[in-house]
Each structure stands twice: as C-alpha cells, then as structure tokens.
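A short worksheet on the structure shown next.
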Amino acid sequence: MRTKRLRDRLALLLAAALGVAGLAAVPAANAADDHDTAEIHGLKGEYYTQSAPGAFDFHELKATGFDPQLDFNTLEPRLAFATGQSDDVSVRWTGKLVPEKTGAHTFSIIGDNGFRLWIGGQLAIDHWVDDWDREQTAQPIELTAGQSYDIKLEYFEHYGGSNLHLRWTEPGGSKEAIPQSAFRLPDGFDYNGAT
1293 MRTKRLRDRL ALLLAAALGV AGLAAVPAAN AADDHDTAEI HGLKGEYYTQ SAPGAFDFHE
1353 LKATGFDPQL DFNTLEPRLA FATGQSDDVS VRWTGKLVPE KTGAHTFSII GDNGFRLWIG
1413 GQLAIDHWVD DWDREQTAQP IELTAGQSYD IKLEYFEHYG GSNLHLRWTE PGGSKEAIPQ
1473 SAFRLPDGFD YNGAT
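Rendered as structure tokens:
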C-alpha cells in the first residue's frame, strides 16, 4: 500500500515538473490492454545546439521528444530543458498533417527567430533570417481531407526571446493555430510516452 502511494506521488511530481518545463507527456499505448492501436496526435521534435553563436545550424542533437502542436508563446523553458541552453539552438519538427477539409490551405508562421516550412515535401515558407515577429505567409496549397502529408518545420533561436506560431487558414475558415488533431507522428518514430 505504501509503495502504491509513493508511486502515485512520484507520478504527480513528474507530471507537475513536465508542466512547469512546458513539455507534454502522453500515456504510452499498451497493446496488451487494448487491441486497438492508439493514434497519437502531435509531432516529433529534435532539439539541437548550434556549432557556434549565430551559426543557425543543426550541430549536435541533444534531445528527441513529442510536441502536441506548434503554437508557443515562449520556447525558453522547452529549449533549456531539451538542450541545456536557451540561445543558439535549433529544432526540427517532423510528422504528418491530415486536414479535415479539401481545398486550398494557407499556412503562416510568426516567430523569433528564423524558420522554414515544408508541406508534402515542398518548401512553402523560407524565412531563415535572424529577426523576430515578422509573419510569413505561404501561397495556398491544395490538400485533400483525410489524406496524410509530410510536414517539416525547422526553427532556430539566436538569443533573447523565443516564440513560434504555425497557423493555417482552411477552406472557408479563418486563420488559426493548427490543432493537435491534425498532426500525426512520422513513420518509424516509436513514441513511448516519454518527452
């Protein structure tokens, strides 16, 4: 009984620590408990340090984890937790995008600092520039409801504040953050619930 209470308290402490660090944890799917395969919505995030201040490269992979969506008011806690530093770091998010509507989708990003976005293997936004809070908008991209498209977003943080907001305008809709439900993990990424 005492061991169970201790385990429960440790689980609560871990959940609180992850929340403070700005990281998300999702329970791992357990095939023994459920014969249906759980579909996890989110993206794979690879966190790198750069080779030198201002290099804006992907020098050394420090952590790989799960990010439910790409709508961050601040990335400082997440970058520091994943890489040990909050400046001169880069992140590469990959996965699948599955829209609910068919038609032209317009993507936009605003962030501090540079970013690039690929949809279906095509470069849609290229703003690998050391500035901040200058929204970039792609040309409309035709997508089919329920079809899976590769998505990749690369981002670098030089120094100072850090934020990133990936948005889309669906057919007949208004600009909004892409919901977690539209993201899937990339093929071959075996996510086990850890961040």
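Here the numbering used here is used: the first residue of the sequence shown is 1293, the next is one more, and so on. In this text, a Cβ means the ideal position worked out from N, Cα and C, and glycines have one as well. In this text the structure is predicted, and so the values were computed from the model without any measurement.
When the Cα of residue i is compared with those of the options, which residue comes out closest?
i        : options                                : result
Arg-1426 : Asn-1455, Thr-1436, Pro-1391           : Asn-1455
Lys-1393 : Val-1381, Glu-1368, Gly-1438           : Gly-1438
Ile-1402 : Leu-1389, Asp-1422, Gly-1413           : Asp-1422
Phe-1348 : Leu-1371, Gly-1337, Thr-1356, Ser-1382 : Ser-1382
Glu-1449 : Ile-1332, Gly-1412, Trp-1420           : Trp-1420
Tyr-1451 : Asp-1363, Gln-1377, Leu-1362           : Gln-1377
Glu-1462 : Asp-1482, Phe-1481, Ile-1433           : Ile-1433
Sort out for me which residues DSSP pairs residue i with in a bridge.
i        : result
Trp-1410 : Leu-1415, Lys-1444
Leu-1435 : Gly-1395
Gly-1403 : Leu-1456
Trp-1385 : Gly-1337, Leu-1445
Glu-1468 : Trp-1460
Please state whether the Cβ-Cβ distance between residue i and residue j is less than 9 Å.
i        : j        : result
Ala-1430 : Thr-1386 : no
Pro-1391 : Tyr-1340 : no
Ala-1372 : Leu-1435 : no
Lys-1444 : Leu-1409 : yes
Leu-1389 : Ala-1474 : yes
Ala-1574 : Asp-1363 : Shown here, the chain extends from 1293 to 1487; a query on residue 1574 therefore has no answer.
Who are the Cβ neighbours of residue i in its own chain at under 7 Å, not counting the five residues just before and after it?
i        : result
Glu-1352 : Tyr-1340, Thr-1341
Asp-1479 : none
Ser-1343 : Asp-1349, His-1351
Among residues of its own chain, excluding the 5 on either side of residue i, which ones have a beta-carbon nearer than 6 Å to its beta-carbon?
i        : result
Asp-1326 : Confidence in Asp-1326 is poor, its pLDDT being 42 and thus under 50, which makes the residue's placement unreliable; the coordinate value appears in the next sentence. Closer than 6 Å at the Cβ level, and outside the excluded window around Asp-1326, lies no residue.
Gly-1314 : Only weak support exists for where Gly-1314 lies, its pLDDT of 43 falling under 50; the coordinates are left without a value.
Asn-1365 : Asn-1455
Thr-1356 : Glu-1338
Arg-1384 : Glu-1338, Glu-1446
Apart from the five residues on each side of it in sequence, which residues of its chain come closer than 8 Å, Cβ to Cβ, to residue i?
i        : result
Gly-1413 : Asp-1442
Quick test of your reading: residue i and residue j, contact by CB under 8 Å. State the CB separation rounded to the nearest angstrom.
i        : j        : result
Ser-1256 : Lys-1354 : There is simply no residue 1256 to check, as the chain begins at 1293 and stops at 1487 in what is shown.
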